[in-house]
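In the UniProt record's numbering, the protein residues as written are 1 to 288.
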């Protein structure tokens, strides 16, 4: 008997020992029949789903996995189009240059400057009562320049900006006021009103609720009752979208895993066939 053929047959038998699933290939049916007739017990075919799915040395090689598909965009027009919010009262944002804020960090305020700032504030309130918004704005600005460390001064000027339909300017003043005194209710009230003018319903609800918590105000409370349902609707819509996106992500991951498994099985089958065919020919020759 040809020693080379015997060596090849020995290699085939060793391969069957380490990889018995070879015996379950369709073309090996004749060998299974012969082995069973000789009293041999052939192990059952392995279940693919019970095998390691990757992430360890025995798992499928990363190179055989399908390329991951790009992540879907965060939002789509179709998913946003079903959200309808009443935009009555919403205005276009103001785009003026930022207003003067005073030398907040580099000024030493004297008692005389405080007195002058207080006089300007009183005059500004009088002008506001007369309906002269521009004069009131200018006087509050002068008061701020004299004493830029008083939170209520920025809140007062923010109220003028609200009446002038300049919500972004009002927000800047309220931000400064809150940075000086975060426990003052007025800046939150006027910033909430500014966000309401811009249609920022969630921000408006948050600020107005904070204002009422710090110091209850009927005006702020009434506006909170208007904006809160809209804010709730947006939050519910977001939760719904996030649930749909999560379900879609899970489905796509499952599809990628399925494709990776199929590709791995295909590659393994090709490799197995390339090893079995020459040995099978040798086995047929030896048996015959």
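Ideal placement from N, C-alpha and C gives every residue a C-beta, glycine not left out.
Predicted model, so just to flag it, every value in this text is computed and none were measured.
Is it the case that the segment 183–192 contacts the segment 203–214, given that we only count it when at least three CB pairs across the two stretches are under 8 Å?
yes
Within 10 angstroms of the Cβ of residue 222, are there 16 or more other Cβ atoms? Answer buried if so, exposed if not.
The residue you call residue 222 lines up with position 222 of the chain shown. So residue 222 counts as exposed.
With 16 other Cβ atoms within 10 Å as the buried cut-off, status of residue 78
Position 78 of the chain shown holds residue 78. Caution applies to residue 78, whose pLDDT of 45 falls short of 50 and renders its modelled position unreliable; the model cannot decide the point.
Just the Cα atoms here: how many angstroms apart are residue 270 and residue 20?
Within the chain shown, numbered from 1, the residue matching residue 270 stands at position 270. Within the chain shown, numbered from 1, the residue matching residue 20 stands at position 20. Cα-Cα distance, rounded: 16 Å.
Starting from the C-beta of residue 197, find all residues in its chain whose C-beta is less than 6 Å away, skip the five residues before and the five after it, and write them out in chain order.
If you number the chain shown from 1, residue 197 lands on position 197. Cβ neighbours of residue 197 beyond the five flanking positions: 91 and 167.
Under 8 Å: do the segment 154–163 and the segment 112–130 share three or more Cβ pairs, one atom per stretch?
yes
Could you tell me the distance, in whole angstroms, from the CA atom of residue 99 to the CA atom of residue 169?
Indexing the chain shown from 1 puts residue 99 at position 99. Indexing the chain shown from 1 puts residue 169 at position 169. Near 7 Å, if we compare the C-alpha coordinates of residue 169 and residue 99.
With a CB to CB cut of under 6 Å and the five nearest residues on each side skipped, what residues in its chain are close to residue 237?
For the purposes of this step, residue 237 is taken as residue 237 along the chain shown, with counting starting at 1. Counting only Cβ-Cβ distances below 6 Å, and skipping sequence neighbours, we find 83.
Tell me, please, whether the segment 213–233 touches the segment 254–265 by the rule of three or more beta-carbon pairs shorter than 8 Å.
no
Please go through the same chain and pick out, in chain order, the residues whose beta-carbon is closer than 7 Å to the beta-carbon of residue 13, but skip the five residues on each side of it.
By 1-based counting over the chain shown, the position of residue 13 is 13. So the list is empty, once near-sequence residues are dropped.
So, with DSSP's three-state summary, where would you put residue 33?
Against the chain shown, residue 33 aligns to sequence position 33. Correct three-state label for residue 33: helix.
Just how far apart, CA to CA, sit residue 251 and residue 267?
In the chain shown, counting from the first residue as 1, residue 251 sits at position 251. In the chain shown, counting from the first residue as 1, residue 267 sits at position 267. Going by the C-alpha atoms only, they are around 24 Å apart.
Mapping the DSSP letters down to three states, classify residue 184 as helix, strand or coil.
Along the chain shown, one-based indexing puts residue 184 at 184. Residue state, collapsed to three classes: coil.
Following the continuous alpha helix (DSSP H) through residue 162, name the residue where it begins and the one where it ends.
Reading the chain shown from its first residue, position 162 is the one you call residue 162. Element bounds for residue 162: 151–163.
Residue 151 vs residue 106 beta-carbon contact at 7 Å:
Locating residue 151 in the chain shown gives position 151, where the first residue counts as 1. Locating residue 106 in the chain shown gives position 106, where the first residue counts as 1. No, these two residues do not count as a Cβ contact at 7 Å.
Among 163, 38, 161 and 213, which residue has its Cα nearest to the Cα of residue 327?
Nothing in the structure corresponds to residue 327, since the chain is present only between 1 and 288.
Between the C-alpha atoms of residue 201 and residue 211, what's the straight-line distance to the nearest angstrom?
On the chain shown, position 201 is the one that residue 201 refers to. On the chain shown, position 211 is the one that residue 211 refers to. C-alpha separation (whole angstroms): 15 Å.
With a threshold of 16 other CB atoms inside 10 Å of the CB of residue 216, please say whether the residue is buried or exposed.
Numbered from its first residue, the chain shown carries residue 216 at position 216. Looking at its Cβ environment, which holds fewer than 16 other Cβ atoms inside 10 Å, residue 216 is exposed.
Residue 118 lies in the alpha helix (DSSP H); which residues open and close that run?
For the purposes of this step, residue 118 is identified with residue 118 of the chain shown, where counting begins at 1. Run containing residue 118: 111–129, per the alpha helix (DSSP H) assignment.
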